[in-house]
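In this text, residue positions in the sequence shown follow our numbering: the first is 2, and each later residue adds one.
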Amino acid sequence: MPLALLALAIGAFGIGTTEFVIMGLLPEVAGDYGVSIPTAGYLVTGYALGVMFGAPLMTVLGTKISRKRMLMLLMGLFIVGNLLSALAPAFPVMLIGRIVASLAHGAFFGIGSVVAADLVTPDKKAGAIAMMFTGLTVANVVGVPLGTLVGQSVGWRMTFGIVAALGVVGLAGIARLVPDMPKAEGVHLRHELAAFKNVQVLLAMAMTVLGFGGVFAAITYIAPMMTHVAGFADGSVTWLLVLFGLGMVGGNLVGGRFADRALMPMLYVSLGALSVVLALFTLTAHDKLLSAITIALIGALGFATVPPLQKRVLDQAHAAPTLASAVNIGAFNLGNALSAWLGGLVIAAGLGYTAPNWVGAALAAGALALALVSAALERRAGEPGTVVAGGAPAEQRAAVHH
């Protein structure tokens, strides 16, 4: 794997750390600014919304420049946002800082996925994407716990200062290691938008929303589930989340490896197994050992879907993949928001803290159903004389081999 992937992974590590570390620092931030915990929670919501809307916006703005330069500008935006958060004199200013940092998130992973795939041979594209996303998964194992510890011990402003410094390292790495990759000639915004006319691109994004939504339906409410149902102490939630993060790291690497060999079968296995494990979590959540094992499995199976889903979008939007890739990153966050809302509804309805696991199982099963539909449509489109999206006979379309 090229060294340029290391630079992308460092940037991903910083972004993953700043996204999730705030959840462990909400009490400290709320106390410093004199706001309630729910009000401080807007720092999480604002970031997620910034990712959703920033991904397509920043990608469109970057269509006129090279991908390397755009990645550097995005890391610069990330650094500014985190510095603003670290130095913010008032809560609204910190919220602005969080939103500024979030604008870089979706476009960085979207454009970075395209760059990572272009750095390697076709049979290693999913593995290259997984290597970049390893930075995000390792952030949950190392960056978030350490950032929380620093924030609680020295002050939360120091945490965001360190994250900004990570951004500087990532920026330097991209400038030094990522080769100049000029934007594809003849590809304009209308070509990027045309990708969304492809039903396979839309199906892949819907799989992303439902599949990753299944993961966060359970993980969003992991603290009350583990303390009230499994019987863990409050302080145990941190290491349980580390287990989840370790599962993410392993699943991401395995997903990237096998997606290059058999992309759709990898999705069938991971989504099907994820649905089963989430359903079983309603039972295993009552036992400490079994619940810990299940949490690690959810992380592994959930992130095993990420490289194949991202590569699926790149394959289906191969003529102009940048915007579609970035929007798919937004789809992960849409899945997070949707599943958290649905999980809250079933808890509020009095169904108990394990009820979100059933929601997650249903969402993952829905993603599996869409994967089967997508494959069936692809087989049908491959039949001689069949007209595919764009009006061209299937035999005239460039074949994409998995």
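Note that the Cβ used here is the ideal one computed from N, Cα and C, for glycine as well. All values reported here derive from a predicted model rather than from experimental measurement.
Task: Rounded separation between D33 and A195 - CA only - done: Between the alpha carbons of D33 and A195 lies a distance of about 48 Å.
Open item on the list: Report the start-end ranges of each alpha helix (DSSP H) in the segment 180–245 that is 4 residues or longer and not cut off at the edges.
Closed with: 190–195, 200–220 and 223–226, all fully within the segment 180–245.
Task: Per-residue burial, K69 [other beta carbons within 10 Å of its own, 16 or more giving buried] - done: buried
Task: Span of the alpha helix (DSSP H), counted from its first residue to its last, around G300 - done: K289 to A305
Task: Inter-residue Cα distance where the pair is A165 and R381 - done: 49 Å
Task: Alpha-carbon spacing of A349 relative to A356, whole angstroms - done: In this structure, the alpha-carbon of A349 lies about 10 Å from that of A356.
Task: Span separating the alpha-carbon of L373 from that of L310 - done: 14 Å
Open item on the list: Report the CB separation of G232 from K289 in whole angstroms; it is logged as a contact under 8 Å.
Closed with: 6 Å
Task: Buried versus exposed, by CB contacts within 10 Å (16 or more), W157 - done: Counting of Cβ neighbours within 10 angstroms places W157 among the buried residues, the total reaching 16 or more.
Open item on the list: Assuming A56 and V328 are in contact, meaning their beta carbons sit under 8 Å apart, how far apart are those beta carbons, in whole angstroms?
Closed with: 6 Å
Open item on the list: With distance defined between alpha-carbon atoms, name the residue in H287, P180 and G215 nearest to L7.
Closed with: P180
Open item on the list: Is the beta carbon of S375 closer than 8 Å to that of Q201?
Closed with: Yes, the pair counts as a contact, with Cβ atoms nearer than the cut-off.
Task: Alpha carbon of H229 to alpha carbon of Y354, nearest angstrom - done: 8 Å
TODO: Take V169 as the anchor and find which of N334, T209, W359 and I80 has the nearest alpha-carbon.
DONE: I80
Open item on the list: Quick check: what's the CA-CA separation for G25 versus T149?
Closed with: 6 Å
Open item on the list: Within the continuous alpha helix (DSSP H) that includes Y34, where are the two ends?
Closed with: Here the alpha helix (DSSP H) through Y34 covers A5 to Y34.
Open item on the list: Measuring only the C-alpha atoms, how far is M405 from V151?
Closed with: One cannot answer for residue 405 here, as it falls past the ends of the chain, which runs 2 to 403.
Open item on the list: Count Cβ pairs between the segment 252–268 and the segment 213–223 that sit closer than 8 Å; are there 3 or more?
Closed with: no
- [ ] Return helix, strand or coil for H319, following the three-state DSSP convention.
- [x] coil
Open item on the list: Can you check which of these residues, G171, V22 and A368, is closest to T239 by C-alpha distance?
Closed with: V22
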